[in-house]
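Encoded as structure tokens, the structure appears first; notes follow it.
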Amino acid sequence: MTIAQALKAALAHMEQAGVPDATHDARSMLANVLSVEPVQTLLMGSRELTDEQSAAFFRFVERRASREPLQYILGAAYFMGNAFLVKPGVLIPRADTEALCQAAIALTKPGDHVLDLCCGSGCLGISLKLACPQAVVYAGDLSSDAVEMTAENASRLNAVVDIRQGDLFAPFFGLAFDLIISNPPYIPANELPALQAEVRQEPALALDGGEDGLLFYRRILTDALPHLKPGGYLLLELGDRQAGAVSALVSPPYLPPRVEKDLSGLPRVLITRKAPS
């Protein structure tokens, strides 16, 4: 079977299954099997696949047709220019979250102690450490899968991060930070069943924000106070249409919040600060 024939068959199967961006995903999976860049497959249509390559490719196609996320199939997702390993059980990094990372980097000074709370793959804390090597970075998550993945990504990318497992601030007793960043679960529980099929395969632990989607914002805003140094910053990723509701939760001793937009022009990052003493 040639590459062109394999792609045609894969596209037919994936499109019938309702896979979005089927052409992109088919080329990405085939490129992974062939160890080439996806664009190179455009020039390789007449090349014959070996039996092993064909079998590997169509195993990927079956997984994608079942609506398993492409990033889980390929084992990685790109964030801030680096490939982060991901697997089922770990939230997939999103481009939208880069706005949170960039805002945090802009506020980080040499020697600052920074906490990435609900770290998932570790993409936020690790990216900040790579951009601000003189910062002291911690990361935490309740999920053992997330903690293990963060440790693996930190090792691969040569980022020194203190990674701990536990519920929100529990593993960081007695520690105070100059900056805390978090992409917490923020999807209202009743909206989870209606999410895109691919998103429903990501861990509910990383998505479910309680009845109104604000459960973890409330907890973090309350529990962060003893862990923030005077004047310390708290940065939170916002879900769609949540900027007003989350901003309304911010009260003294926090300073009035501001909200920054992502590249799509949507309100994405809430920034507040503990009042200086």
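Residue numbers for the sequence shown follow our numbering, beginning at 5 and rising by one.
Backbone N, C-alpha and C define an ideal beta-carbon position, used for all residues, glycine too.
Close beta carbons around residue i, own chain, < 8 angstroms, minus the five adjacent residues each side
{"i": "Ala10", "result": "Leu34, Leu53, Ser58, Phe61, Phe62"}
{"i": "Glu41", "result": "Ala35"}
{"i": "Ile191", "result": "Leu199, Leu211, Asp212, Gly213, Gly217, Gly243"}
heavy atom of the ligand ZN below 8 angstroms from residue i C-beta
{"i": "Val165", "result": "Absent from the structure shown: the ligand ZN. Ligands present: none."}
Span of the alpha helix (DSSP H) around residue i
{"i": "Tyr82", "result": "It is not in any alpha helix (DSSP H) - Tyr82 instead sits in the beta strand (DSSP E) that spans 80 to 83."}
{"i": "Ala247", "result": "247 to 253"}
{"i": "Phe173", "result": "Counting along the chain, Phe173 falls outside any alpha helix (DSSP H), and DSSP gives it neither H nor E."}
{"i": "Lys133", "result": "127 to 135"}
{"i": "Leu104", "result": "102 to 111"}
Per-residue DSSP class, three states only, for residue i
{"i": "Glu241", "result": "strand"}
{"i": "Val165", "result": "strand"}
{"i": "Thr154", "result": "helix"}
{"i": "Asp25", "result": "coil"}
{"i": "Thr6", "result": "strand"}
{"i": "Asp149", "result": "helix"}
{"i": "Ala208", "result": "helix"}
{"i": "Glu215", "result": "coil"}
{"i": "Lys120", "result": "According to the sequence displayed, residue 120 carries Asp and not Lys. Residue state, collapsed to three classes: strand."}
{"i": "Val141", "result": "strand"}
{"i": "Pro271", "result": "strand"}
{"i": "Thr45", "result": "helix"}
Straight-line Cα distance separating residue j from residue i
{"i": "Pro189", "j": "Gly243", "result": "9 angstroms"}
{"i": "Gln138", "j": "Leu111", "result": "13 angstroms"}
{"i": "Leu239", "j": "Glu56", "result": "47 angstroms"}
{"i": "Ala103", "j": "Phe181", "result": "21 angstroms"}
{"i": "Ala21", "j": "Ala8", "result": "20 angstroms"}
{"i": "Lys12", "j": "Asp120", "result": "43 angstroms"}
{"i": "Val165", "j": "Thr6", "result": "46 angstroms"}
{"i": "Leu225", "j": "Val254", "result": "7 angstroms"}
{"i": "His28", "j": "Val94", "result": "23 angstroms"}
{"i": "Gln44", "j": "Cys136", "result": "35 angstroms"}
{"i": "Ala143", "j": "Ala16", "result": "43 angstroms"}
{"i": "Val37", "j": "Asn86", "result": "20 angstroms"}
{"i": "Ile167", "j": "Gly115", "result": "18 angstroms"}
{"i": "Ala69", "j": "Val23", "result": "6 angstroms"}
{"i": "Leu47", "j": "His231", "result": "55 angstroms"}
Cβ neighbours of residue i in the same chain (closer than 7 angstroms, five flanking residues each side left out)
{"i": "Asn157", "result": "Phe88, Leu89, Ser125, Gly126, Ile130"}
{"i": "Glu72", "result": "Gln205"}
{"i": "Cys105", "result": "Met84, Leu128, Ser131, Leu132"}
{"i": "Ser148", "result": "Gln169"}
{"i": "Gln75", "result": "Ala81, Val90, Ile96"}
Delimiting residues of the beta strand (DSSP E) encompassing residue i
{"i": "Thr285", "result": "Residue 285 falls outside the range modelled here, since the chain spans only 5 to 281, and no answer is possible."}
{"i": "Val263", "result": "262 to 265"}
{"i": "Phe177", "result": "First-last for Phe177: undefined, no H or E at that position."}
If we count Cβ pairs, one from each stretch, closer than 8 angstroms, do we get three or more for the region 261 to 276 versus the region 240 to 249? yes
Are the region 198 to 216 and the region 160 to 171 touching by the rule of at least three beta carbon pairs closer than 8 angstroms? no
Below 8 angstroms, how does it come out for the region 189 to 202 and the region 171 to 179: are there three or more Cβ pairs, yes or no? no
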